[in-house]
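Residue numbers (the working numbering), protein chains in the order written: chain A, 1 to 110; chain B, 111 to 223.
Where a beta carbon is used, it is the ideal one built from N, C-alpha and C, also for glycine.
These notes are about the structure you will find just below.
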C-alpha cells in the first residue's frame, strides 16, 4: 500500500521514560512492518521488524506490536536514553517495496 | 562492497541542468530501490529494480526522472532539466530480492540553485 500514517510527528520524553509511536495503514494485503531509525545526517537503519503472522516482537528495550484487524502497529521504546534521540520511520509492504510513514522526531531529555 | 555506496555525496547544480546520481549496491543483493527525502519529510518511493525484471517506475514524479541498472549491479538515477523542487536527499537501498531488511546508502544531497 501507499498510505501509511504515523503519529506523533514529534515526541519529547524524559530520560528513562517510555516512548510510543503509532502507525496505521490501509492495505489489508500488507504483511511486513519494519521500523527504521535515522540519526541526524545519517542513513536510515533497520531497528526492528514484524511480519503479519506475529502480534508482538521484542528486542531488548524495543518492541513492536501489530494489530492486523485494526490495521495499526506501534513501536515501544522503554527506559529511553539520550542516544535514542533520532527520527523514527515506520514502513509497510505487501509487495516488493516499502512505503514509509512521515517520521517521528524523538527527543530524549537528559 | 561492505555497504551501499552512493556518489556524489553532495551535488549543487543550476536549474535546468541534468544530473546523474550513482548507487553501488551490496554485492549479491538482487533488489535495488531509490527513494527521495525532502528536508524534514519522509521517504518517497521512486523506483525499484529486481534482477532482470522490468523496473517498477510507479514512484517517479515526472518524465524528467529516469533510472537504469546495468549488469544487475550499479544503478544511475538521472534527473533532466532540474528544478528547485528536486532539491532533496536521494537515498538508494538494496536487499536480497525482498523488502526484508533494506540496507540504505548514505544518500546524495542534491541542491538545485
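Below-7 angstroms beta-carbon distance, residue i vs any chain B residue
i, result
"residue 73/A", "no"
"residue 103/A", "yes"
"residue 97/A", "yes"
"residue 40/A", "no"
"residue 93/A", "yes"
"residue 111/A", "The shown model of chain A, from 1 to 110, leaves out residue 111/A, and the question about it has no answer."
CB contact check: residue i to chain A, cutoff 7 angstroms
i, result
"residue 153/B", "yes"
"residue 138/B", "no"
"residue 206/B", "no"
"residue 216/B", "yes"
Beta-carbon proximity of residue i to residue j, cut-off 7 angstroms
i, j, result
"residue 14/A", "residue 109/A", "yes"
"residue 174/B", "residue 199/B", "no"
"residue 21/A", "residue 104/A", "yes"
Residue i versus residue j - alpha carbon distance
i, j, result
"residue 112/B", "residue 203/B", "13 angstroms"
"residue 90/A", "residue 82/A", "21 angstroms"
"residue 9/A", "residue 152/B", "11 angstroms"
"residue 67/A", "residue 212/B", "23 angstroms"
"residue 170/B", "residue 179/B", "15 angstroms"
"residue 75/A", "residue 127/B", "42 angstroms"
"residue 99/A", "residue 131/B", "22 angstroms"
"residue 184/B", "residue 65/A", "36 angstroms"
"residue 201/B", "residue 63/A", "26 angstroms"
"residue 135/B", "residue 162/B", "15 angstroms"
"residue 217/B", "residue 41/A", "10 angstroms"
"residue 208/B", "residue 84/A", "28 angstroms"
"residue 43/A", "residue 215/B", "6 angstroms"
Of the residues the options, the one placed nearest residue i, counting alpha carbons only
i, options, result
"residue 146/B", "139/B, 154/B and 175/B", "154/B"
"residue 115/B", "125/B, 137/B and 124/B", "137/B"
"residue 94/A", "26/A, 107/A, 7/A and 16/A", "26/A"
Closer than 7 angstroms, Cβ to Cβ, to anything on chain A: give me those residues from the stretch 150 to 177 of chain B, in chain order.
The stretch 150 to 177 of chain B vs chain A, Cβ under 7 angstroms: 151, 152, 153, 155, 158, 160 and 166.
At a Cβ cut of 9 angstroms, what residues of the stretch 3 to 26 of chain A count as close to chain B, listed as they run along the chain?
For chain B, the residues of the stretch 3 to 26 of chain A that bring a beta carbon within less than 9 angstroms of one of its beta carbons are 4 and 6, in chain order.
Along the stretch 43 to 56 of chain A, where does the CB come closer than 8 angstroms to a CB of chain B? Name the residues.
Residues of the stretch 43 to 56 of chain A with a C-beta atom less than 8 angstroms from some C-beta of chain B are 43, 44, 45, 46 and 49, listed in chain order.
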